[in-house]
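Here the structure comes first, spelled out in structure tokens, and everything after it is commentary.
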Amino acid sequence: MAQPQDLLYSKEHEWVKLNGDVATVGITDYAQNSLGDIVYVELPRVGATIAQFGNVGVVESVKAVSDLFTPIGGEVTEINGGLENDPALVNREPYAGGWLFKVKLSDTAQRNNLLAPADYEKEIAE
Amino acid sequence: MTTTSNDVKRTALYDEHVRLGARMIPFGGFEMPVQYTSILREHDAVRHRAGLFDLSHMGQFILQGENVGAWADKLTVNNVATIKPLQARYNIFTNAEGGAHDDVIFYRLEGRWLLVVNASNAPKMWEHINAHLGDSGVKLTNLHGSNALIALQGPKSLEMLAPHTDVDIASLKYYFCAEGSVYGKHAVIARTGYTGEDGFELFVDGTDAAEIWSKLLADNRAAGLEPVGLGARDVLRLEAGMPLYGHEMTETITPIQAGMNWAVKLTKPEFLGKRALQAQSEGDTFARIAGIVMAGRTPARAGYKVFLGDREVGEVRSGSTAPSLQNQNVATVLVEKEAATPGTLLAVEIRGTRHDATVVSLPFYKRSS
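Quick note, the sequences are listed as chains F and V, same order. Convert by adding 524 to the 1-based position in the first sequence; the result is the number in the numbering used here. Convert by adding 1 to the 1-based position in the second sequence; the result is the number in the numbering used here.
Here it is in structure tokens:
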């Protein structure tokens with residue numbers, strides 16, 4: 525499928541939406557589809573400092589545990605509390621209600637390490 | 002069945018799975034569907050309507066001869082000679098130490114016996130049986146590759162299958178079987194399964210499998226029948242407290258430890274591994290399989306450590322979210338005796354943090370009928 529054009533992507537199948545120096549992070553539709561029914565998401569704590577591409581949590585589907593990497597580094601300012609009671613939001617709305625956490629960027633140049641929509645589409649087509 | 006270049010085999014239903022959009026994974030030496038739509042959706046179909054499974058990867062052997070019963074009684078824990086014609090029985094082949102070599106089902110047909118073994122154990126079981134044939138007069142034939150196995154499981158399976166078979170399946174009791182036809186094709190129809198629901202297993206020739214599979218689906222889609230993959234099958238069997246070889250039973254985890262004592266007939270004069278199982282049973286100090294329900298939302302997975310107080314007492318063998326239990330997280334654990342009593346509070350270590358869990362009686366789920 526075509527990816528949302530206003531986002532940047534990582535090779536680990538996360539997306540980033542930049543708004544000034546704050547980034548919203550989620551996993552892509554391709555990722556949620558590969559994982560299957562998501563039953564639990566472990567997110568970084570608000571206030572934690574996380575490094576770009578670091579391991580910051582896990583996403584658990586019915587049968588598997590997958591590491592969650594952050595496509596962008598900085599200070600975690602907010603997590604999606606709605607996922608605690610309804611982790612399947614990530615399956616249903618990966619680019620909307622299923623977002624994971626927000627980060628205040630430590631360095632806006634990190635965006636240069638991410639993929640444009642067309643490049644991510646090539647990545648998952650391989 | 003065919004073999005691809007990397008030696009992963011395909012069942013007679015492979016093309017059907019691809020056509021249905023299944024995600025295929027290697028399992029037990031075969032390319033098998035793990036899910037078609039979603040594990041939760043397929044699980045729901047089996048619990049409330051019915052699901053269709055391809056189990057053609059399971060090993061199928063034919064045993065023939067007058068002494069099959071007496072011969073098999075010496076290699077397995079349950080009674081075989083007392084199985085009536087057209088009856089099925091769960092059984093376990095053990096090793097000399099009492100460990101499980103494989104768990105199997107014997108189906109006694111007219112003039113022959115059908116033995117169904119786990120896919121990954123099929124080569125091992127072929128060798129084991131051949132090595133123990135001796136002068137028993139028992140003849141062994143391998144159907145692994147020519148026969149298919151389709152399972153129809155769920156509360157609506159009887160009404161979905163009945164119009165398409167000449168066998169009076171409504172009168173077929175649980176763990177009995179019959180020979181007849183399904184959509185005009187020869188089939189052994191058994192009222193067996195591994196989901197905790199009512200259902201049937203159809204042993205058919207590989208060349209008939211795709212037609213039977215696709216007709217059953219087409220005729221019953223409107224009534225809620227769905228194809229079901231290995232992912233949902235594992236959740237269903239776990240909820241139903243059914244052991245899976247390699248998890249709750251292994252070469253070193255005995256049937257007694259797995260809680261399958263009902264299948265272990267220590268009154269039999271002899272069988273391979275009996276002495277070890279008898280000693281274990283009388284000693285009653287062994288680590289055993291127990292069920293736990295996690296207090297929180299984090300699932301326990303195979304291999305996680307289990308604690309009673311500060312003491313490590315065992316490990317998780319299978320774990321999943323249980324849709325039939327309001328999505329609580331359940332698991333089987335292999336733990337020391339004192340940690341296995343229902344009501345005991347345990348902790349499971351998950352990524353460095355201990356999470357509360359309570360021991361419960363198995364099965365987690367039992368159908369209401």
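Here a beta-carbon is modelled for each residue, glycine too, at the ideal position from N, C-alpha and C.
- In this structure, the straight-line span from the alpha carbon of A23 (chain V) to that of G29 (chain V) is close to 17 Å.
- E584 (chain F) belongs to the set of residues whose beta carbon lies under 8 Å from a beta carbon in chain V.
- Excluding five sequence positions before and after N615 (chain F), the CB atoms of its chain that fall closer than 6 Å to its own CB belong to Q556, I562, given in chain order.
- When the beta-carbon positions are compared, I351 (chain V) and T299 (chain V) come within less than 8 Å of each other.
- By the C-beta criterion, the segment 314-332 of chain V is judged not to be in contact with the segment 570-583 of chain F, since fewer than 3 inter-stretch pairs fall below 8 Å.
- Looking from the CA of Q88 (chain V), the closest CA among V:V294, V:L116, V:V9 belongs to V:L116.
- The CB of V589 (chain F) comes closer than 7 Å to the CB of R302 in chain V, given here in chain order.
- The beta-carbon of L237 (chain V) is placed no less than 8 Å from the nearest beta-carbon of chain F.
- Taking a Cβ-Cβ threshold of 8 Å, the residues of chain F close to N328 (chain V) are V563, in chain order.
- Closer than 8 Å to the CB of R48 (chain V) there is not a single CB belonging to chain F.
- A distance of 8 Å or more separates the beta carbons of L346 (chain V) and V229 (chain V).
- Here H165 (chain V) is not near Y195 (chain V), since their CB atoms are 8 Å or more apart.
- Rounded to whole angstroms, the separation of the alpha carbons of D235 (chain V) and Y246 (chain V) is 11 Å.
- Put simply, the CB of I170 (chain V) is far from chain F, with every gap to its CB atoms at 8 Å or more.
- For S282 (chain V), the uninterrupted alpha helix (DSSP H) run begins and ends at 275-284, by DSSP.
- The contact set of G560 (chain F) on chain V, defined by CB atoms closer than 8 Å, consists of Q36, S39, I40, G232 in chain order.
- Of the candidates V:I106, V:F287, V:E227, the residue whose Cα lies closest to the Cα of V81 (chain V) is V:I106.
- Nearest neighbour of P528 (chain F) by Cα position, chosen from F:F625, F:A640, F:E650, turns out to be F:A640.
- Our two residues, A341 (chain V) and V314 (chain V), have alpha carbons roughly 10 Å apart in a direct line.
- If you look at A526 (chain F), you'll find it isn't in any alpha helix (DSSP H); DSSP assigns it neither H nor E.
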